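Counting along the sequence shown from 1, when you hit position 107 you're at 107 in full-length UniProt numbering, and nothing is skipped either side.
Positions of the beta carbon are idealized from the N, C-alpha and C atoms, including for glycine.
The model shown is predicted, which means the values in this text are computed figures rather than measured ones.
Below is one structure, written out as structure tokens, with a few remarks after it.
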Amino acid sequence: MSWLCGLVGEGISSSRSPAMHEREAKNMGIPLVYRIIDTHQWKGSVQNLPDIFHWLERFGFNGVNVTHPYKQAIIPLLDELSDAASAIGAVNTVIFKNGKLSGHNTDWSGYAANFKQTLPNASLASIGQIGAGGAAAAVAYALLSLGAVELKIFDVDKKKAHDLAERLQNLFPSAVVNVAQSAKDAINGASGVVQTSPIGMDSHPGTPFPSSLLTEKQWFSEVIYFPRETKLLGEARSKGCPTVSGIGMAVFQAADAFELFTGLTPARERMLREFD
Numbered sequence: 001m002s003w004l005c006g007l008v009g010e011g012i013s014s015s016r017s018p019a020m021h022e023r024e025a026k027n028m029g030i031p032l033v034y035r036i037i038d039t040h041q042w043k044g045s046v047q048n049l050p051d052i053f054h055w056l057e058r059f060g061f062n063g064v065n066v067t068h069p070y071k072q073a074i075i076p077l078l079d080e081l082s083d084a085a086s087a088i089g090a091v092n093t094v095i096f097k098n099g100k101l102s103g104h105n106t107d108w109s110g111y112a113a114n115f116k117q118t119l120p121n122a123s124l125a126s127i128g129q130i131g132a133g134g135a136a137a138a139v140a141y142a143l144l145s146l147g148a149v150e151l152k153i154f155d156v157d158k159k160k161a162h163d164l165a166e167r168l169q170n171l172f173p174s175a176v177v178n179v180a181q182s183a184k185d186a187i188n189g190a191s192g193v194v195q196t197s198p199i200g201m202d203s204h205p206g207t208p209f210p211s212s213l214l215t216e217k218q219w220f221s222e223v224i225y226f227p228r229e230t231k232l233l234g235e236a237r238s239k240g241c242p243t244v245s246g247i248g249m250a251v252f253q254a255a256d257a258f259e260l261f262t263g264l265t266p267a268r269e270r271m272l273r274e275f276d
């Protein structure tokens with residue numbers, strides 16, 4: 001058997017996903033091809049998603065990953081959702097099987113695995129989160145699943161932040177989930193800060209907040225993995241903050257997606273070592 005997989009997103013021509021999946025498939029001795037479907041290259045948009053998935057299914061794809069900005073927009077097109085994807089409200093992996101499209105979320109499990117491995121003793125007493133989009137929902141779900149006591153969410157889109165906070169509060173009633181009015185309010189007094197917005201990607205350069213808001217007593221986590229080190233991650237490390245880069249999350253979410261695509265278990269530590 002062979003597998004045909006891919007990634008649907010905008011501005012993703014430099015994604016490392018094809019290399020990760022195809023290299024691990026080669027290591028395991030199985031034939032797998034992973035293609036990029038970048039709507040930016042042909043000026044596509046969210047309106048094109050139905051046609052994209054119509055043709056992916058007919059071209060015989062086994063599954064695809066979904067990334068910014070379609071992780072939430074894809075949901076109405078799916079026949080089934082995993083429990084985690086339903087709870088998070090975002091999908092990053094779609095499986096084509098028996099004429100149905102099923103949505104999953106491996107961002108949360110990938111983030112949780114990376115965080116536990118990198119900062120096993122980090123305090124989860126209070127966390128400031130910047131961003132409330134699809135990746136943010138998965139990261140917040142992961143942190144609350146790991147035992148976060150308080151989560152303060154800031155996003156420039158206040159409605160998006162309120163909607164996410166309300167959903168998470170209902171899912172984790174023993175925690176305190178609220179909306180911060182600014183990045184400064186989210187970060188001030190937090191034991192750790194997680195950056196989940198797209199600001200810092202090569203396609204969205206800059207920083208979502210000044211690093212002067214961070215202190216060396218706080219851990220800092222970034223979800224962006226391209227570039228390998230965002231400006232903000234480098235500045236946080238220079239301040240002495242314990243840091244978590246987005247590379248581990250990228251690798252572990254890919255490994256979980258690979259398992260959904262193929263039904264086979266990849267060597268996660270090998271994938272992490274070979275990431276480039």
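Item                                                                                                                                                              : Value
Leaving out five residues on either side along the sequence, give the residues of the same chain with a beta carbon under 8 Å from the beta carbon of residue 82. : 102, 103, 104, 105
In the structure shown, what three-state DSSP assignment does residue 35 receive?                                                                                 : strand
Kindly confirm or deny that the stretch 109-122 and the stretch 166-183 touch, where touching means at least three C-beta pairs closer than 8 Å.                  : no
Could you give the DSSP three-state label for residue 104: helix, strand or coil?                                                                                 : strand
Can you give the Cα-Cα distance for residue 70 and residue 47, rounded to whole angstroms?                                                                        : 11 Å
Is residue 244 near residue 118, with beta carbons less than 8 Å apart?                                                                                           : yes
Looking at the unbroken beta strand (DSSP E) that takes in residue 95, where does it start and where does it end?                                                 : 93-97
If you run the structure through DSSP and keep just helix, strand and coil, what is residue 274?                                                                  : helix
What number of angstroms, rounded off, separates the C-alpha of residue 58 from the C-alpha of residue 147?                                                       : 42 Å
Which residue comes first and which comes last in the alpha helix (DSSP H) that contains residue 6?                                                               : No alpha helix (DSSP H) contains residue 6, which is instead part of the beta strand (DSSP E) from 3-9.
At 3 residues or longer, what runs of the beta strand (DSSP E) sit wholly inside the stretch 156-232?                                                             : 176-179, 192-195, 219-222
Name the residue from 256, 203, 264 whose alpha carbon lies nearest to the alpha carbon of residue 12.                                                            : 203
Starting from the Cα of residue 187, find the closest Cα among 129, 217, 155 and give me that residue.                                                            : 129
Identify the residues that DSSP records as bridge partners of residue 64: which are they?                                                                         : 6, 94
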